[in-house]
Amino acid sequence: MGLCMAKTDKDKKVYKNGFNLFEAYPIQFSEKVETVPYDEPAEAFNFPFPDKNIAHIMVNLCPTEPWALPHVRITENNPREFFSKLDRVRTRYFGGSHCHAVISSHEIDLIKEVKEFTWHGDWLHTYLLDPIYPHDAPVLLLKKILGLHLAYGQDTRETGVLILEPQAVAEIFEHYIRGNECSTRLIPLSGTGLGENKILKVKPGTPIQAILDGNVRENITCRVFVDGPLNGSEVKDMRQRIGWTTKNIVILEERDYKTPFSFFRLNELVFTTSLMGELRRCVYCNHCDDMCPVNLEPALYWQCHTRGEKQRARLYGLEKCIECGLCSFICPSKLELLQIIKECKLADSGSRLKDETDYKKI
Ligand code: SF4
Ligand code: SF4
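Residues 941 to 1302 in the numbering used here are what the sequence shown spells out, letter by letter.
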C-alpha cells in the first residue's frame, strides 16, 4: 500500500478553480438515522457489474458537497472493516484490481488509521484531496489520481476504471458476498425547507412525497432537488421514486427576497431558488471565470446564447465543461449559466463554426 500525497490547496484561497461549499453552506445532520415507512417491496438490488476489465477501482471518501452522505455513516468509524469489505469485493468481482481511496486532507485520524493497514499489501493506494467542489468529479479525479483524460459524460469503465461510492461497496458486500437481502439505502435529506437535516433509511422504490411528508416545514413553498442543487435535477413530480443510485435530496425554501452580493460574505452565501424579478445582464464581474474548475469563461456562453448563436459557444472550449454548476451558483446576476451551457451543447453541431477567426467578430 502506498500513501500518495496528492497536491493540497490548504494555503490557497478557495475562491479559485472550485469552491469550498462546506464553508458557504455547512450542514449538520441529526445523529439518529430515521426509517421512512413504505409498505411496498423495495426495488430489487442489482449492481450493474461492468463487462469490461476493471484495472482500477476508485472510492471517494472525500465528498465535496455538504449535502452528500458523510462517509462515516458507511464506514461507521471502523475504516478497517470498510477496507476489508472493499478487498473482498475487488478480489471476488474485479480480478484483484488496484483500489484508490481518496481521503479528505482534513481527516487526520482516518489518514493515520489507513496508514496502519499494512496487512492489506500493495493493492490499496490512498490520496489526499482538499474538499473543494467539484474536485471529486470523475473527469478531475481520473486526471489528478491516475493521469487519465476523460471526456465529460464518458463512462469511466471504458478506461478500465470503476468509481464506486462507499455505500455501493457496502451494498455489494452485503448482497452478493454475505447473501443478505439489500432493501434500504441511506439518503441524506437537507436544506432550508426543513426543520432538521436528517439521514434517512429509505427503500428504493419509495416515492419522494413519502420522504417529504412530515419533514418539510409547514406553510412554505419550496423546491426539491435530487443529487444536489448545483448539478442534480429538480423534482417536478413528487411521485418520482428513489432508486439505488439516488445520492441525496435537498429541499430549498423559495424566498421572496435576495441577499445582495452575498458572494463577498461567504457566511451569507445561501442558496436562493428563484430569480425574484427581472434577469440582470452579465456585469462582467469574472466570478464565474474564477470559479470554473476547468478554466472556462462561462460568461462567453451567455453572450453566445443571448445573441441566438448557441453553436458559437463551441469555439470557447464548451466540450470541456463538466457541468458542475458552480458558475450558476456564484453569478451575482443569477444567470442560469449551466442551463445555457446545456442548451449550447445541444445546439446543432452540423452548423458548428469551423473558422475559429469567426469568434473575433463577437
Ligand atoms: S463552465 Fe462548466 S465546468 Fe465551468 S463552472 Fe460552469 S458548469 Fe462548471
Ligand atoms: S458571474 Fe455572471 S455576471 Fe459575473 S461575469 Fe460571470 S456571467 Fe457575468
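Where is the CB? At the ideal position from N, CA and C, for every residue including glycine.
Keeping to the same chain, check which residues put their C-beta closer than 7 Å to that of residue i; ignore five residues upstream and five downstream.
i: P966; result: P1006
i: F1113; result: K1025, R1028, V1029
i: K1285; result: L1258
i: L961; result: T1004, E1005, P1006, Y1073
Is residue i near ligand 2 - that is, is its Cβ less than 8 Å away from at least one heavy atom of it?
i: Y1224; result: yes
i: A1239; result: yes
i: D1229; result: yes
i: P1272; result: yes
i: C1244; result: no
Consider the C-beta atom of residue i and the heavy atoms of ligand 1; say whether any pair is separated by less than 8 Å.
i: E1276; result: no
i: E1081; result: Going by the sequence as given, residue 1081 is Leu instead of Glu. Result no, Cβ not under 8 Å from ligand 1.
i: Y965; result: no
i: K1260; result: yes
i: L1236; result: yes
i: E1263; result: yes
i: P1233; result: yes
i: C1267; result: yes
i: P1074; result: yes
i: I1281; result: yes
Within 10 angstroms of the Cβ of residue i, are there 16 or more other Cβ atoms? Answer buried if so, exposed if not.
i: M1216; result: Only weak support is given to the placement of M1216: the predicted model assigns it a pLDDT of 44, under 50, and the question is left unresolved by the model.
i: T1004; result: buried
i: M1178; result: exposed
i: Y1224; result: exposed
i: F989; result: exposed
i: I1191; result: buried
i: T1161; result: exposed
i: N1235; result: exposed
i: D1049; result: exposed
i: H1089; result: exposed
i: A984; result: exposed
i: P1144; result: buried
i: K972; result: exposed
i: D1153; result: exposed
i: K1076; result: Before going further, note that residue 1076 is Asp rather than Lys in the sequence given. With 16 or more other Cβ atoms within 10 Å, it is buried.
i: M945; result: No answer about M945 holds up, because its pLDDT of 44 lies below 50 and its placement is not dependable.
i: K964; result: It is Ala, not Lys, that sits at residue 964 in the sequence shown. Label assigned to A964: buried.
i: D1070; result: buried
i: P1078; result: buried
i: T1124; result: buried
i: G1265; result: buried
i: G1093; result: exposed
Skipping 5 residues on each side, what residues in its chain have a beta carbon closer than 8 Å to that of residue i?
i: W1242; result: C1222, L1275, L1277, I1280
i: K1282; result: E1263
i: G1036; result: R1030, W1063
i: Q1180; result: P1147, I1148, V1166
i: Q1107; result: L1009, I1014, R1125, L1126
Could you check whether the Cβ of residue i sits closer than 9 Å to any Cβ belonging to chain B?
i: L1064; result: Considering every chain present, this structure includes no chain B. It has just one protein chain.
Return the chain-ordered list of same chain residues with a C-beta closer than 6 Å to the C-beta of residue i, the five sequence neighbours on each side being excluded.
i: G1305; result: The question about residue 1305 has no answer here: the residues shown for the chain are numbered 941 through 1302.
i: A1253; result: Y1241, C1244, C1284
(message) Can you confirm whether the segment 971-981 touches the segment 1140-1149 when touching is taken to mean that 3 or more C-beta pairs between the two stretches lie within less than 8 Å?
(response) yes
(message) If we require 3 or more residues per run, which beta strand (DSSP E) segments fall completely within the segment 1134-1202?
(response) 1138-1142, 1162-1166, 1189-1193
(message) List, from N- to C-terminal side, the alpha helix (DSSP H) runs of 4 residues or more that fit wholly inside the segment 1036-1124.
(response) 1048-1055, 1078-1081, 1106-1112
(message) Using 8 Å as the cut-off, can you tell me whether the segment 1221-1240 makes contact with the segment 1274-1284, which would need three or more C-beta pairs spanning the two stretches below that distance?
(response) yes
(message) Across the segment 1162-1172 and the segment 1107-1126, are there enough close Cβ pairs to call them in contact, namely three or more that are closer than 8 Å?
(response) no
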